[in-house]
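**Student:** Got a structure for you, questions after.
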């Protein structure tokens, strides 16, 4: 079966540009997560959705970061006015249930801001 | 916020040697998950530990959760080249599917043939 997919896989943006990163979770998965992974570091939590509801956005680093999941399936992470420090791999993960389940990660989108 | 510390950051071993990575927290952990990330890949779930003192085995991998639920370890017996990657522990306050995971910095396992 299909896993979590993300697009684009690679994105190069000029500083100040807006970008949109897409995540297609595993069909039927209730929970969806976004993480940011800097080179050589562990993933850092950004935000969490349960169906279409954004239950936790405490990890979003600034108000330039915005995430949505309007129909409870596909999610988009938008970064406005990108800065060089936004360069990282953005990972999306989904999970089938709300408690005590593993998270299934997508391949990530590598964002490079020049 | 909650932090999990992992040591060592890097571990070089000869193929066939054993490997252990440790995860420590200053506060009691609700549960601990372990993930493996191959170079250029994404994290892949290995296991979840919930109970105090829990020990689980997966072939050559042994996972332990401390009695006080403040530490955990992953031990690999007789490493193989396929074990190369970064091993992360991760903690979830509520449960892996219900909130974001707090990852350690990971242990990079490098195997010399």
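Residue numbers (the numbering used here), protein chains in the order written: chain H, 32 to 145; chain L, 477 to 589. Think of the CB as a built atom: it goes at the ideal place given N, C-alpha and C, for glycine as much as any other residue.
Measure the C-alpha to C-alpha separation of residue 536/L and residue 95/H and round it to an integer number of angstroms.
**Tutor:** Here residue 536/L is taken as the residue at index 60 of the second chain, counted from 1. Here residue 95/H is taken as the residue at index 64 of the first chain, counted from 1. Answer to the nearest angstrom: the Cα atoms are 45 Å apart.
**Student:** Taking residue 144/H as the reference, which of 119/H, 75/H, 59/H and 40/H has the closest Cα?
**Tutor:** By one-based count along the first chain, residue 144/H stands at place 113. The shortest C-alpha separation from residue 144/H is found at 119/H.
**Student:** Quick one: is residue 480/L buried, meaning 16 or more other Cβ sit within 10 Å of its Cβ, or exposed?
**Tutor:** In the second chain, the residue the question calls residue 480/L occupies position 4. Buried: at least 16 other Cβ atoms inside 10 Å.
**Student:** Name, going along the chain, the residues of the segment 71-105 of chain H whose beta-carbon falls closer than 9 Å to a beta-carbon of chain L.
**Tutor:** Cβ contacts with chain L come from 71, 72, 73, 74, 75, 76, 77, 78, 79, 81, 86, 87, 89 and 90.
**Student:** So the candidates are 554/L, 567/L, 513/L and 525/L; which of them puts its Cα closest to the Cα of residue 503/L?
**Tutor:** Taking the first residue of the second chain as position 1, residue 503/L is located at position 27. Taking only the C-alpha atoms, the option nearest residue 503/L is 567/L.
**Student:** Cutting at 8 Å between CB atoms, please list the residues of its own chain near residue 477/L, excluding the five before and the five after it.
**Tutor:** Translated into the one-based positions of the second chain, residue 477/L becomes position 1. Low confidence applies to residue 477/L: its pLDDT is 49, below 50, so where it sits in the model is not reliable enough to give any reading.
**Student:** For residue 493/L and residue 486/L, I'd like the C-alpha separation in whole angstroms.
**Tutor:** Translated into the one-based positions of the second chain, residue 493/L becomes position 17. Translated into the one-based positions of the second chain, residue 486/L becomes position 10. The alpha-carbon atoms of residue 493/L and residue 486/L are separated by roughly 15 Å.
**Student:** Going by DSSP, what residue range makes up the beta strand (DSSP E) through residue 36/H?
**Tutor:** Position 5 of the first chain, counting from 1, holds the residue named residue 36/H. Its beta strand (DSSP E) spans residues 36-38.
**Student:** Can you list, in chain order, the residues of its chain whose CB lies under 7 Å from that of residue 525/L, leaving out five sequence neighbours each side?
**Tutor:** In the second chain, residue 525/L corresponds to position 49, counting from 1. Counting only Cβ-Cβ distances below 7 Å, and skipping sequence neighbours, we find 507, 508, 532, 539, 541 and 548.
**Student:** Rank 589/L, 585/L and 581/L by C-alpha distance to the C-alpha of residue 72/H and give the top, closest one.
**Tutor:** Here residue 72/H is taken as the residue at index 41 of the first chain, counted from 1. The candidate whose alpha carbon is nearest that of residue 72/H is 581/L.
**Student:** Have a look at 92/H, 110/H and 134/H and flag the residue whose alpha-carbon is nearest the alpha-carbon of residue 44/H.
**Tutor:** Position 13 of the first chain, counted from the first residue, corresponds to residue 44/H. Considering only alpha carbons, the answer is 110/H.
**Student:** Could you check which residue in 113/H, 74/H, 91/H and 107/H has the C-alpha nearest to that of residue 36/H?
**Tutor:** Here residue 36/H corresponds to residue number 5 of the first chain, with the count starting at 1. It is 107/H whose Cα lies nearest to the Cα of residue 36/H.
**Student:** Tell me the rounded alpha-carbon separation between residue 576/L and residue 39/H.
**Tutor:** Reading the second chain from its first residue, position 100 is the one you call residue 576/L. Reading the first chain from its first residue, position 8 is the one you call residue 39/H. Spanning the two alpha carbons is a distance of roughly 23 Å.
**Student:** Taking the alpha-carbon of residue 121/H as reference, which of 128/H, 101/H, 75/H and 61/H has the nearest alpha-carbon?
**Tutor:** Within the first chain, residue 121/H is the residue found at index 90, counting from 1. Ranking 128/H, 101/H, 75/H and 61/H by Cα distance to residue 121/H puts 75/H first.
**Student:** List, from N- to C-terminal side, the beta strand (DSSP E) runs of 3 residues or more that fit wholly inside the segment 493-531 of chain L.
**Tutor:** For the segment 493-531 of chain L, whole beta strand (DSSP E) runs of length 3 or above, ordered along the chain, are 495-500, 508-513 and 520-525.
**Student:** So, helix, strand or coil for residue 555/L, using DSSP?
**Tutor:** Within the second chain, numbered from 1, the residue matching residue 555/L stands at position 79. In this structure, residue 555/L counts as coil in the three-state DSSP scheme.
**Student:** Considering only the alpha carbon of each residue, which of 543/L, 501/L and 560/L lies closest to residue 513/L?
**Tutor:** Start at 1 with the first residue of the second chain, and residue 513/L comes out as number 37. Of the listed residues, the one whose Cα sits closest to residue 513/L is 560/L.
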